[in-house]
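Those protein sequence lines, which keep their order, are chains A, B and C.
Going by the numbering used here, 86 is the number at position 85 of the first sequence; the sequence numbering is gapless.
Going by the numbering used here, 482 is the number at position 401 of the second sequence; the sequence numbering is gapless.
Going by the numbering used here, 189 is the number at position 173 of the third sequence; the sequence numbering is gapless.
Just so you know, even glycine gets a beta-carbon here, dropped at the ideal spot from N, CA and C.
What follows is a set of notes on a single structure, which appears directly below.
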Amino acid sequence: MTDLELILQTIMNSLIASSFTAIFAVGLVLIFGIMQIVNFAHGALYMVGAYATWYLYAEVGLPFFASIVIATFLTVVIGLLMERALFRPMRGNLFGGLIVSVGMMFVLEVLVVYLFGQGLMKNMTPYFKESWHAFGIESVTISHSRLFVFAIAAFILVAFWLFMSRTRIGWAMRACAQNPEAAALQGIGIGKISMLAMVISAAMAGMGGAVMSPLVRITPQMGHPVLVTAFIVMIVGGMGSIEGALIAAVVYSFFHTFVTTYIGGEIATILGLALMLLVLIVKPTGIMGARESV
Amino acid sequence: MKANITRRKFMAATGGVAAGLTAFGATPSKLFADEKTVKIGFLAALTGDAAGWGLPGLYGVEIWAEQINAAGGLDMGGEKYKVEIISYDDEFDAVKATVGAKKLLFEDEVSIVLMLGITPVQAVKDFMTRNKMLTTTLVPTDISEDAPYLFAPVEVHPFYNVTAVDYIARNMPHIKTAAIATQNDELGLSSLATYRAAFEVAGIEIIEENLFGFEVTDFAPVVSKLIAANPDVITWDTAYPDYVNLLTEQAYLQGYKGQFVNCTLDQYEHIMSKTSKEFLEGFLWQFPDLDDPIMQGGGTHFDNAAAFYQTYNERYPGAWTAVSWEYAAALEMWRSAVSQAGTFDPPAVAEALRSLSPVPHAFGDAEWWGEDFFGVNSAALGKWPVVQMQNGKAVIVEMGDVRAWCDQHLDVLKKHFIELGVPLAG
Amino acid sequence: MFSRTHRNIAGLAVVLAVVCVLPFILRPYQLDFLIFMFINIILVVSYRFIAITGEFSLAHAVIMGVGAYASALLAALPISPWISMPLGGVAAAAIAYILSFPLFRMKGFYFLIGSFAAAEAIRLCWVQFIDPFGGFRGLRRIPVLEIDLGELLYIDLGAPVPYYFFALIVGLICLFVMYRIEHSRYGFVFHAVHHKDTLAQSVGVDVRRFRTIAFVTGGFFAGIAGAMVAHYVTAINPGLFGLKQMLFVLVWVLVGGMGHFAGPIIGVTVLSIIDESLRGLDELRPGFYGLVLIATVLFLPEGLVSLPRKVLQWSTWLWNRGGGTLVKRE
Numbered sequence: 002m003t004d005l006e007l008i009l010q011t012i013m014n015s016l017i018a019s020s021f022t023a024i025f026a027v028g029l030v031l032i033f034g035i036m037q038i039v040n041f042a043h044g045a046l047y048m049v050g051a052y053a054t055w056y057l058y059a060e061v062g063l064p065f066f067a068s069i070v071i072a073t074f075l076t077v078v079i080g081l082l083m084e085r086a087l088f089r090p091m092r093g094n095l096f097g098g099l100i101v102s103v104g105m106m107f108v109l110e111v112l113v114v115y116l117f118g119q120g121l122m123k124n125m126t127p128y129f130k131e132s133w134h135a136f137g138i139e140s141v142t143i144s145h146s147r148l149f150v151f152a153i154a155a156f157i158l159v160a161f162w163l164f165m166s167r168t169r170i171g172w173a174m175r176a177c178a179q180n181p182e183a184a185a186l187q188g189i190g191i192g193k194i195s196m197l198a199m200v201i202s203a204a205m206a207g208m209g210g211a212v213m214s215p216l217v218r219i220t221p222q223m224g225h226p227v228l229v230t231a232f233i234v235m236i237v238g239g240m241g242s243i244e245g246a247l248i249a250a251v252v253y254s255f256f257h258t259f260v261t262t263y264i265g266g267e268i269a270t271i272l273g274l275a276l277m278l279l280v281l282i283v284k285p286t287g288i289m290g291a292r293e294s295v
Numbered sequence: 082m083k084a085n086i087t088r089r090k091f092m093a094a095t096g097g098v099a100a101g102l103t104a105f106g107a108t109p110s111k112l113f114a115d116e117k118t119v120k121i122g123f124l125a126a127l128t129g130d131a132a133g134w135g136l137p138g139l140y141g142v143e144i145w146a147e148q149i150n151a152a153g154g155l156d157m158g159g160e161k162y163k164v165e166i167i168s169y170d171d172e173f174d175a176v177k178a179t180v181g182a183k184k185l186l187f188e189d190e191v192s193i194v195l196m197l198g199i200t201p202v203q204a205v206k207d208f209m210t211r212n213k214m215l216t217t218t219l220v221p222t223d224i225s226e227d228a229p230y231l232f233a234p235v236e237v238h239p240f241y242n243v244t245a246v247d248y249i250a251r252n253m254p255h256i257k258t259a260a261i262a263t264q265n266d267e268l269g270l271s272s273l274a275t276y277r278a279a280f281e282v283a284g285i286e287i288i289e290e291n292l293f294g295f296e297v298t299d300f301a302p303v304v305s306k307l308i309a310a311n312p313d314v315i316t317w318d319t320a321y322p323d324y325v326n327l328l329t330e331q332a333y334l335q336g337y338k339g340q341f342v343n344c345t346l347d348q349y350e351h352i353m354s355k356t357s358k359e360f361l362e363g364f365l366w367q368f369p370d371l372d373d374p375i376m377q378g379g380g381t382h383f384d385n386a387a388a389f390y391q392t393y394n395e396r397y398p399g400a401w402t403a404v405s406w407e408y409a410a411a412l413e414m415w416r417s418a419v420s421q422a423g424t425f426d427p428p429a430v431a432e433a434l435r436s437l438s439p440v441p442h443a444f445g446d447a448e449w450w451g452e453d454f455f456g457v458n459s460a461a462l463g464k465w466p467v468v469q470m471q472n473g474k475a476v477i478v479e480m481g482d483v484r485a486w487c488d489q490h491l492d493v494l495k496k497h498f499i500e501l502g503v504p505l506a507g
Numbered sequence: 017m018f019s020r021t022h023r024n025i026a027g028l029a030v031v032l033a034v035v036c037v038l039p040f041i042l043r044p045y046q047l048d049f050l051i052f053m054f055i056n057i058i059l060v061v062s063y064r065f066i067a068i069t070g071e072f073s074l075a076h077a078v079i080m081g082v083g084a085y086a087s088a089l090l091a092a093l094p095i096s097p098w099i100s101m102p103l104g105g106v107a108a109a110a111i112a113y114i115l116s117f118p119l120f121r122m123k124g125f126y127f128l129i130g131s132f133a134a135a136e137a138i139r140l141c142w143v144q145f146i147d148p149f150g151g152f153r154g155l156r157r158i159p160v161l162e163i164d165l166g167e168l169l170y171i172d173l174g175a176p177v178p179y180y181f182f183a184l185i186v187g188l189i190c191l192f193v194m195y196r197i198e199h200s201r202y203g204f205v206f207h208a209v210h211h212k213d214t215l216a217q218s219v220g221v222d223v224r225r226f227r228t229i230a231f232v233t234g235g236f237f238a239g240i241a242g243a244m245v246a247h248y249v250t251a252i253n254p255g256l257f258g259l260k261q262m263l264f265v266l267v268w269v270l271v272g273g274m275g276h277f278a279g280p281i282i283g284v285t286v287l288s289i290i291d292e293s294l295r296g297l298d299e300l301r302p303g304f305y306g307l308v309l310i311a312t313v314l315f316l317p318e319g320l321v322s323l324p325r326k327v328l329q330w331s332t333w334l335w336n337r338g339g340g341t342l343v344k345r346e
């Protein structure tokens, strides 16, 4: 493998990482924007999506795509229950929301240990077994599973963007995220909006977990590192800014992947934190944030 | 997945909370009121990130205890004793381990404490020494001169890793260069030092190293860089079994064709289904299947190994790991020492354990070793299997002599530990 | 006012009497449990001390770790632990002071995350620099405290009963000092800084200065708590001061109730006892703990400290409903 090929391979790796980080972080940012709640259980929803896909596909033997759909549906149901029972009473209460979501995270993590035991990661054979040689170069390879993650993530993000920019309810949601009080005065029903936001957010986390399940370690704690990454992305992009989160997800993923490849994985994490601190000090509102929340 | 009601599930469904509530206030009710009972303490992580290293081990020792109890109990001085396992979740936390150690010793009056190793052991070892409590760890670098009751009776990680590299040096002369990737923690670093020493002795040059952190979800970049260096052999060192799984799959997907040598290859059927039989052919590692013919008697010391393996897999499908049997193997050795000592008294059993020669290790006869490395002979070092993937099955290709290698190349081993800054003893 | 103070003092006296008798009834491991609870009480009260000025930090556990590491390293020099412990507190305060420069440029959620990042960077340094911090494995053989007056008196504070009283005394001193500060002229400014940020600024209060003072003072007491852990457990490692510990601090304070000095104390006490009581559940324990958290926040939004008032409210409501008159719930 030549130097150029390694660079190409790393760019490909970065693109895949960006797409996944983006859908995960956008879901988190959406909930924060609408409800002012930092959902610590977002990583747990991702975990539930992965577990459900593993169970349905590898254990029960359902078709892969059906498993993904059911897993996503399951996380949406859990998300809706959380919204109704926990987040709605806590709306605007940053720390109340934090505690109930931490509590929910504990509950969901214990639930999967209770149902499936704790041992090695839950294994599944990928549905896609082939690899793609990018641009016909033999040594630059991306597995089809990863391309599938990229395709699904891209599809979700484009659909989400169309929904937010082309539909009435999408506008209402944006208005809500920008200024909940004003939106309420305009007669926009915050209850319906926050339910919808939760559906979208949970679906993003759940489907993220579902498509990533053949690629990652499926363990009860699998959501923690992803959540920390999403926090960094959220800060760098500016709290509550969806466009910012998208850009930050790409920037951070490229940064992290390149440093991991050329210097080392542990250094990449430390530099990632340093990057976040730098952004916080120089421009505390993030690259796309205009207003200071809370 | 088969629905199976286990003790803990039953407890949780019924009186678990009530039973739990009494644990703090009152002495737990005696399970075997009319029978003689010996208690065994299990102090490791049952929840949180490190639970994967503790909970499967608890499942294992519970099965071990059941097998003993079903056979009438543990024999000591001509009398049968029922075995009771008392667990305390240390959450891999020094403070929780401190509290748990006091509970197990003073409240439950256990006769031995089984621990995972590293930080919780560091926190309680002085306390255990003061109270003359027999304690076992799975991490030999925990043992030290000032802890005479702390043993590493089963795992001699990472020293046994030298045997597979030694096997390569003798049987695969075409291998000249190596690349290493592992996670940056105590296990990874001490193993890295060992592999560096083993490769140096074998005359193999290390051309690429990559240390990654725990938060890695995507192993593609780590593997890309390793493969780009074009090594003859790749090792994931002592990366956690889950990581090994994903790293190996990535190497397959990115077109690696060379040799592997590694500490573990758990769930290799799964890895094979993700890659291919041809790809894994020849993979070298250190952990045989417990139902391997060599493990059924014939110089090894783990009673009913195959039955244990089978029961475990039936009851906890998919939960089997290396630690599933290691805590139980430590208890097997403890049982030998108890029958020799004729008492459960921990210091006396510790003395009997230390006087065992040969030490009945699960992989065959061993001796207590470590004086020149840790300053005390408390790690059972002897033979360790080199396992190779042959035609889709794990086969023990030889029983490597870890002790002979370590005695011969101790200076090289020490040099690399010191170079990486890994503490030699706890 | 008069009678309330009296009632409080009487209540405190009863609590103190019980606490002093406990070591002679309880078993060693339960004493250990209480010792760590006392240390955690110092930790959470010092956390509230910072939080009343309006900013929630996620660096507190690491600041505590700074105290632990500093005291352990100084004691290895060797310096007597009696001196290294307060110096640990000073070191924690110093690090808090340095951190305050970048951190107090941020507000609200940015402060929260910024403090997390800064703390995590410090924690990763402990992991990375094996010399002198011991890496992942941390430090061991940290000396225990001793009272050695030659022939007259020798007390080994490594044993549970003496350390219990030591932790109790240190804890009471720390609480007393923080209570006095909060109820002094300074303390009123702290509250003002929290509730009426802009107003306080407009009347010439240097908001940032007061926040820094609170952050550094709180850091000092967190450092003391850390040193107390270090010299009792005799081993520390970076894992003790991670995000998990920090989340627990936050949960204890908020579930207990921020609005009252006693809130965090009640939070730690109740939640620790619940957590320990669930031991029999093994790996299912965090789930039940999670349910307790959720229930508390949903039904007692002002924290456990408001429970007596709430119970009164609920019973009045029930009473009135029983009497046939519907009273609107608050």
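Residues bridged to B:Phe-341 [DSSP beta-bridge criterion] = B:Ile-315
Among B:Lys-163, B:Ser-271 and B:Ile-285, nearest to B:Arg-251 - alpha-carbon criterion | B:Ile-285
On the DSSP bridge assignment, give the partners of C:Trp-333 in chain order.
-> DSSP output for C:Trp-333 lists no bridge partner at all.
With a cut-off of 9 Å, does the C-beta of A:Ala-26 fall near any C-beta of chain C?
-> no
How would you list, in chain order, the residues of chain C whose beta-carbon sits under 8 Å from the beta-carbon of B:Asp-174?
-> Gly-255 and Leu-256
Grab me the residues of A:Met-296's own chain with a C-beta within less than 6 Å of its C-beta, minus the 5 sequence neighbours each way, in chain order.
-> The structure shown does not extend to residue 296 of chain A, since chain A is modelled only from 2 through 295, so no value can be given for it.
In DSSP terms, what B:Gln-471 is bridged to = B:Lys-474
Is the shortest distance between the beta-carbon of C:Arg-295 and the beta-carbons of chain B less than 9 Å?
-> yes
Take every Cβ of the segment 229-242 of chain C, pair it with every Cβ of the segment 60-67 of chain C, and state whether three or more of those distances are shorter than 8 Å.
-> yes
Residue-chain proximity (A:His-225, chain B), Cβ-Cβ < 9 Å | yes
A:Val-78 to C:Leu-259 span [Cα, whole Å] = 29 Å
Using Cβ-Cβ distances below 8 Å, what residues of the segment 262-288 of chain A are close to chain C?
-> Glu-267, Thr-270, Ile-271, Leu-274, Ala-275, Met-277, Leu-278, Leu-281, Ile-282, Pro-285 and Thr-286
Looking at C-beta atoms only, is the number of pairs between the segment 14-29 of chain A and the segment 154-165 of chain A that lie closer than 8 Å three or more?
-> yes
So, is A:Arg-292 buried or exposed, given that buried needs 16 or more other C-beta atoms within 10 angstroms?
-> Residue placement at A:Arg-292 cannot be trusted, given a pLDDT of 48 that sits under 50; what the coordinates show is reported in the next sentence. Classification of A:Arg-292: exposed, given that the 10 Å Cβ count is below 16.
Buried versus exposed, by CB contacts within 10 Å (16 or more), B:Ser-110 | With a pLDDT of 43 at B:Ser-110, under the threshold of 50, the modelled position of that residue is not reliable, and the figure given next carries that caveat. Classification for B:Ser-110: exposed.
Verify the CB distance criterion: does A:Met-122 have a CB-CB separation below 9 Å to chain B?
-> yes
If you measure beta-carbon to beta-carbon, which residues of the segment 229-254 of chain C are closer than 7 Å to chain B?
-> Val-245, Val-249, Thr-250, Ala-251, Ile-252 and Asn-253
Indicate whether at least one CB of chain B lies closer than 9 Å to the CB of A:Ser-214.
-> no
Taking Cβ-Cβ distances shorter than 7 Å, what residues in chain A pair up with B:Gly-294?
-> Gly-266, Glu-267 and Thr-270
Using three-state DSSP, classify B:Trp-401 as helix, strand or coil.
-> coil
Considering only C-alpha positions, which residue in the set B:Asp-492, B:Val-483, B:Gly-456 and B:Leu-365 is nearest to B:Met-470?
-> B:Leu-365
B:Lys-355 versus B:Phe-300: straight-line alpha-carbon distance, rounded = 15 Å
Roughly how many angstroms separate the alpha carbons of B:Ala-403 and B:Pro-137, rounded to a whole number?
-> 9 Å
So the beta strand (DSSP E) C:Tyr-170 belongs to, where does it begin and stop?
-> 170-172
A:Ala-86, buried or exposed, once every other Cβ within 10 Å from all chains shown has been counted against 16 | exposed
Can you have a look at B:Gln-489 and say buried or exposed, based on whether 16 or more other CB atoms are within 10 angstroms of its CB?
-> exposed
If you measure from the beta carbon of A:Leu-7 to each beta carbon in chain B, is any gap under 9 Å?
-> yes
Should C:Phe-182 go down as buried or exposed, given a rule of 16 or more other Cβ atoms within 10 Å for buried?
-> buried
Taking the alpha-carbon positions, what's the B:Pro-254 to B:Glu-281 distance?
-> 14 Å
What is the DSSP secondary structure of C:Ala-88, counted as helix, strand or coil?
-> helix
With a 10 Å radius around its C-beta and 16 neighbouring C-beta atoms as the bar for buried, classify A:Ile-143 as buried or exposed.
-> buried
Cα-Cα separation, B:Met-209 to B:Ala-182 = 8 Å
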